[in-house]
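The next block holds one structure in the form of structure tokens; read it before the comments.
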Amino acid sequence: MDLIGAPSVQVRVLASGSAGNAVLVAAGDARLLVDAGLSAEAVGRELGLLGLQLQDLTAVLLTHEHDDHARGAAAISRLAGVPVLANEPTIQACVALADAAVERFTTGVPFRVGGIAVEAFLVPHDAAEPVGFHLDAGGARVAVAMDLGEVQPPLVERCRGADLVLLEANYDMRLLAVSAYPWFVKNRILGTRGHLSNPAAAAAAAELATARPQAVVLIHVSDTNNLAPLARDMVRASLRRTGRGHVRVEAVRPNNHSAIWSAWPDAPAGPVRIESWDAAPPRTAGSPLLSLADPRNDSRGPTGPP
2 MDLIGAPSVQ
12 VRVLASGSAG
22 NAVLVAAGDA
32 RLLVDAGLSA
42 EAVGRELGLL
52 GLQLQDLTAV
62 LLTHEHDDHA
72 RGAAAISRLA
82 GVPVLANEPT
92 IQACVALADA
102 AVERFTTGVP
112 FRVGGIAVEA
122 FLVPHDAAEP
132 VGFHLDAGGA
142 RVAVAMDLGE
152 VQPPLVERCR
162 GADLVLLEAN
172 YDMRLLAVSA
182 YPWFVKNRIL
192 GTRGHLSNPA
202 AAAAAAELAT
212 ARPQAVVLIH
222 VSDTNNLAPL
232 ARDMVRASLR
242 RTGRGHVRVE
252 AVRPNNHSAI
262 WSAWPDAPAG
272 PVRIESWDAA
282 PPRTAGSPLL
292 SLADPRNDSR
302 GPTGPP
């Protein structure tokens with residue numbers, strides 16, 4: 002495999018699920034933590050596996066104010082000395098941010114954090130102003146869409162140009178029906194401002210795959226109402242039925258981290274290549290923190306085909 006130069010962008014889901022969500026996106030000298038639903042200690046442990054620490058973060062970026070996405074934001078902001086970036090309705094609704102260093106963005110208006118161009122877009126969820134994100138660096142685009150009750154045409158258009166899509170696959174209909182959740186919680190999950198089912202995620206992935214995505218990472222998989230292999234297999238089957246079986250699919254198990262996904266340019270102006278590795282080698286003392294890891298130094302190589 003001929004991987005030229007440094008990766009444009011690297012992504013690792015540090016944790017995902019009802020207990021807490023956090024995604025690390027790195028490009029050049031910028032390291033964004035998308036959501037901070039874990040404690041600062043837990044995020045620090047996950048970063049340590051990559052040879053990083055809290056102080057290596059550039060900013061915390063919030064999708065919305067719910068506890069499983071914002072719980073650790075203020076503590077991480079204080080300990081790392083970095084701002085929390087959120088829209089005004091989210092800031093007003095999130096009391097946990099009262100003593101955090103906060104910077105506001107406007108949904109739909111692009112902004113930059115270091116070498117990463119960011120744009121927030123609205124998603125349907127029962128929060129103040131919930132958003133997903135486009136994150137662009139070095140010609141590669143990552144789209145993050147989690148906690149959404151349905152996939153609407155504008156959202157599909159927003160994510161269609163991404164090389165790597167992080168998409169919610171929260172529940173299996175049958176498992177939710179027989180779960181011990183009270184009916185009002187089930188109805189919330191099933192609503193158009195609740196969470197995304199496996200079939201809805203599969204249909205969305207198939208529609209997105211008609212354009213650019215090379216990989217789909219399924220996130221926010223419920224540990225009560227879903228199984229990661231079930232979600233993964235349903236999305237894969239949908240992609241194969243529509244002739245898009247080349248798109249790689251990973252489902253992140255609840256409360257676990259994902260592989261490291263890297264976007265590598267095949268040529269300076271050519272298409273982006275997506276590869277994934279299960280782990281990063283330890284960072285040598287004094288080496289620059291320009292990326293999570295250079296997979297060319299990992300003797301295990303990339304993960305096999307999905």
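Count the sequence shown with the working numbering and you get residues 2 to 307, in order. The C-beta atom is built at its ideal place from N, Cα and C for all residues, glycine as well.
When burial is assigned at 16 or more other CB atoms within 10 Å of the CB, is residue i buried or exposed?
| i | result |
| --- | --- |
| ARG142 | buried |
| ALA294 | With a pLDDT of 39 at ALA294, under the threshold of 50, the predicted position of this residue should be treated as unreliable, though the coordinate-derived value follows. Buried, because 16 or more other Cβ atoms sit within 10 Å of the Cβ of ALA294. |
| PRO131 | buried |
| TRP184 | exposed |
| ARG13 | buried |
| VAL35 | buried |
| ASN188 | exposed |
| ARG175 | exposed |
| GLU42 | exposed |
| TYR49 | Per the sequence shown, residue 49 should be read as Gly rather than Tyr. The residue in question, GLY49, is exposed, as its Cβ has fewer than 16 Cβ neighbours within 10 Å. |
| PRO195 | Here the sequence assigns Gly to residue 195, which means Pro is not the residue at that position. So GLY195 ends up on the buried side. |
Could you say which of the options lies nearest to residue i if we only look at CA atoms?
| i | options | result |
| --- | --- | --- |
| HIS247 | LEU177, VAL217, SER40, GLY195 | VAL217 |
| ALA210 | THR91, PRO125, ARG46, GLY162 | GLY162 |
| GLY21 | GLN54, ASP137, LEU51, THR64 | THR64 |
| VAL119 | VAL103, MET235, ALA260, VAL61 | VAL61 |
| LEU53 | PRO214, PRO8, LEU25, PHE112 | LEU25 |
| ILE190 | PRO214, VAL222, GLN215, ALA212 | VAL222 |
| LEU136 | PRO154, VAL114, ASP127 | VAL114 |
| GLY140 | ARG213, LEU50, VAL236 | ARG213 |
| ALA76 | GLY45, GLY244, GLN215 | GLY45 |
| HIS258 | GLN93, GLU66, THR243, LEU51 | LEU51 |
| LEU123 | HIS196, ARG159, ASN171, ARG237 | ARG159 |
| ASP33 | SER9, THR59, SER198 | First, the residue type needs correcting, since residue 33 is Leu and not Asp in the sequence shown. Out of SER9, THR59, SER198, THR59 has the C-alpha closest to the C-alpha of LEU33. |
| MET235 | HIS196, TYR172, ALA264 | TYR172 |
| GLN215 | GLY195, SER277, ALA238, ALA170 | SER277 |
| VAL96 | ALA71, LEU55, ASP57, GLY82 | ALA71 |
| SER263 | VAL166, PRO111, PHE106 | VAL166 |
Using the three-state DSSP reduction, which class does residue i fall into: helix, strand or coil?
| i | result |
| --- | --- |
| ALA41 | helix |
| SER277 | strand |
| SER78 | helix |
| GLN215 | coil |
| PHE134 | strand |
| VAL236 | helix |
| PHE185 | helix |
| ALA153 | Residue identity check: residue 153 is Gln in the sequence provided, not Ala. GLN153 falls in the coil class under three-state DSSP. |
| GLU169 | strand |
| GLU66 | coil |
| LEU177 | helix |
| ALA28 | strand |
| GLN93 | helix |
| ALA207 | helix |
| LEU98 | helix |
| GLN56 | helix |
| ARG254 | coil |
| ALA260 | coil |
| ARG249 | strand |
| LEU197 | coil |
| ARG297 | Note that ARG297 scores a pLDDT of 34, beneath 50, so its modelled location is shaky and nothing firm can be said. |
Assuming residue i and residue j form a contact by the criterion Cβ under 8 Å, report the distance between their Cβ atoms to the nearest whole angstrom.
| i | j | result |
| --- | --- | --- |
| THR193 | PRO255 | Between PRO255 and THR193 the Cβ distance is about 24 Å, and since that is not below 8 Å, they are no contact. |
| ALA23 | ALA31 | That belief does not hold up - the Cβ atoms of ALA23 and ALA31 are roughly 16 Å apart, past 8 Å. |
| GLU104 | LEU80 | With 8 Å as the limit, GLU104 and LEU80 do not qualify as a contact, their Cβ atoms being about 17 Å apart. |
| THR108 | ALA121 | 5 Å |
| GLN11 | ILE261 | 6 Å |
| ALA28 | ALA181 | About 42 Å; that fails the 8 Å criterion. |
Confirm, please, whether the CB-CB distance from residue j to residue i is below 7 Å.
| i | j | result |
| --- | --- | --- |
| LEU177 | ASN226 | yes |
| PRO84 | ALA129 | no |
| ALA252 | ALA229 | yes |
| LEU149 | ALA202 | no |
| GLY133 | VAL152 | no |
| SER19 | GLY73 | no |
At a Cβ threshold of 7 Å, is residue i touching chain D?
| i | result |
| --- | --- |
| ALA20 | No chain D appears in the structure shown, which is made up of a single protein chain. |
Compute the minimum distance between the beta carbon of residue i and the heavy atoms of the ligand HEM, and state whether it is under 6 Å.
| i | result |
| --- | --- |
| ARG159 | Because no ligand of any kind appears in the structure shown, any question about the ligand HEM cannot be addressed here. |
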